[in-house]
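A.B. asks:
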Amino acid sequence: MKYYIVTYGCQMNVHESEKLSAICEKMGYCLADKREDADLIVFNTCAIREGAEDRVLGNIGALKKLKKKNPSLIIAVCGCATQKESTANFIMKTFPFVDIVIGTFNLPNFEAYVNAVKMGRQMELLKEGEIDEEHSYKRTSGENAWVNIMQGCNNFCTYCIVPYVRGREKSRQEENILREIKEIVSEKKYKKITLLGQNVNSYGKDLSTPISFAKLLSDICQIDGDFKLTFMTSHPKDLTDDVIDVMAKEDKILKEIHLPAQSGNNRILNLMNRKYTREKYLSIIKKIRERMPDARITSDFIVGFPTETDEEFLDTCSLVEEVKFDGIFAFIYSPREGTVASKMEGQIPEEIKRKRVNILLALEKKIQLEKQKNSKN
Ligand code: SAH
Ligand code: SF4
Ligand code: F3S
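Per numbering that gives the first Met the number 0, the sequence shown starts with residue 0, numbered consecutively.
1. Using the rule of at least 16 other Cβ atoms within 10 Å of the residue's Cβ for burial, across every protein chain shown, is ASN153 buried or exposed?
2. Measuring only the C-alpha atoms, how far is CYS77 from ASN373?
3. Assign HIS134 to one of three DSSP states: helix, strand, or coil.
4. For CYS156, is the beta carbon positioned less than 6 Å from some heavy atom of the ligand F3S?
5. Near the ligand SAH, which residues have their beta-carbon closer than 6 Å to a heavy atom?
6. Name, in chain order, the residues that DSSP records as bridge partners for GLY326.
7. Bridge partners for PHE42 per DSSP, in chain order?
8. Could you say which of GLU127, MET291 and LEU318 lies nearest to LEU281 if we only look at CA atoms?
9. What do you reckon, are the CB atoms on GLU173 and ASP205 nearer than 7 Å?
10. Out of ILE243, GLY263 and TYR136, point me to the one whose CA is closest to LYS254's CA.
11. Within 10 Å of its beta-carbon, does LYS82 have 16 or more other beta-carbons around it, so buried, or fewer, so exposed?
12. Across the region 220 to 228 and the region 180 to 187, are there enough close Cβ pairs to call them in contact, namely three or more that are closer than 8 Å?
13. Helix, strand or coil for CYS156, going by three-state DSSP, please let me know.
14. If we ignore side chains and look at the alpha-carbon of each, how far apart do ALA80 and ARG34 end up?
15. Restricting to Cα atoms, I'd like to know which of GLU307, TYR3 and ILE59 is closest to GLY263.
16. When you compare only the Cα positions, how much space is there between CYS45 and MET231?
17. State the Cα-Cα distance for the pair GLY50 and GLN346, rounded to the nearest angstrom.
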């Protein structure tokens, strides 16, 4: 019996697919080379932008012919897109050949749903779940080992679906994180450890004995062994000086940080509920560069947020020009059902959004070329 997993979305999903793989292997399935050979196909989905969801739905449709060829094939759809009830119901209604539809909080019980398929199609969306402290992973990212330190997000940026599909912030106990990392290091297969969370800077705030993210980083660095440490994603409002200090101090921590700015305009940042200003963001960048002159800093931007004017978009361009990041992702704003921004007046027409993203991407290309030229000189 063979399984095949298709993963969409962010590193969190990639890592959760590593958990799903371990569950499948424990059940006696082994990895298929391609989906056509599988007896169990899992789609681990993403809902961050409309395009991400559309891609998932299109690809589920294409599984129909595989099910026809092999009626005992089990097809499961899980992850952030199916945590939304409307999408889960749509999949159940539109694709009768899908056997299991579950949300993000049901994942630890994946085995039970596969076993229950004999009794009929399974759909269940738990609304909340405890953080999964102990689970096996089949690590698939080469020399990098992902380690989840927290789940969920409390920030409710007005454009973002994540708090709705991943629930509130829940941190793992520090002792469990340290134990997992010691095990990873002792295997000697991994050179890099990447801590994962939607907002790693808030790590530990919700624990019964709160601890800071800086303390966690520092404690991990005390583990003996030859490894580098990095983390994602940081939120500018929570990136405190003690985190920058520990990054600068500890040789084990890579001097790189992904710090999504989203916009360079204060009115838009406020409408996005990001809770920092352009000036605050720039002051953090300054601090990072003072302490770590060679730090690699990357960012995310959203263009065409509701009511964004041409001038306000140009503030984003000027921020990108000013900071000269080591790389940016530029996204076209995508309204997500249930979020505050999707109900705002002043949605920007698609062609304007596309024009803006192209301008930003061209600027980014120019900056990277300049940087390459300068580093050669
Ligand atoms: N937790 C991280 C990443 C969240 S998703 C953070 O806070 O930064 C990754 C990126 O997707 C975000 O940084 C944002 O730029 C983008 N994004 C999120 N929602 C979006 C939406 N509705 N439309 C377009 N881009 C979006
Ligand atoms: Fe989404 Fe904002 Fe949370 Fe990031 S911090 S996951 S953008 S709500
Ligand atoms: Fe997508 Fe969920 Fe990640 S919505 S970006 S897979 S947290």
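Yeah, the Cβ is synthetic: ideal placement off N, Cα and C, and Gly gets one too.
C.D. replies: The relevant details are as follows:
1. exposed
2. 46 Å
3. coil
4. no
5. ILE47, ARG48, TYR158, CYS159, VAL161, GLN197, ASN198, THR232, HIS234, PRO259, GLN261, ASP299, ILE301, PHE330, TYR332, SER333 and ARG335
6. THR297
7. VAL5 and VAL76
8. LEU318
9. no
10. ILE243
11. As written in the sequence, residue 82 is Gln, which differs from the Lys given in the question. So GLN82 ends up on the buried side.
12. yes
13. coil
14. 21 Å
15. GLU307
16. 18 Å
17. 17 Å
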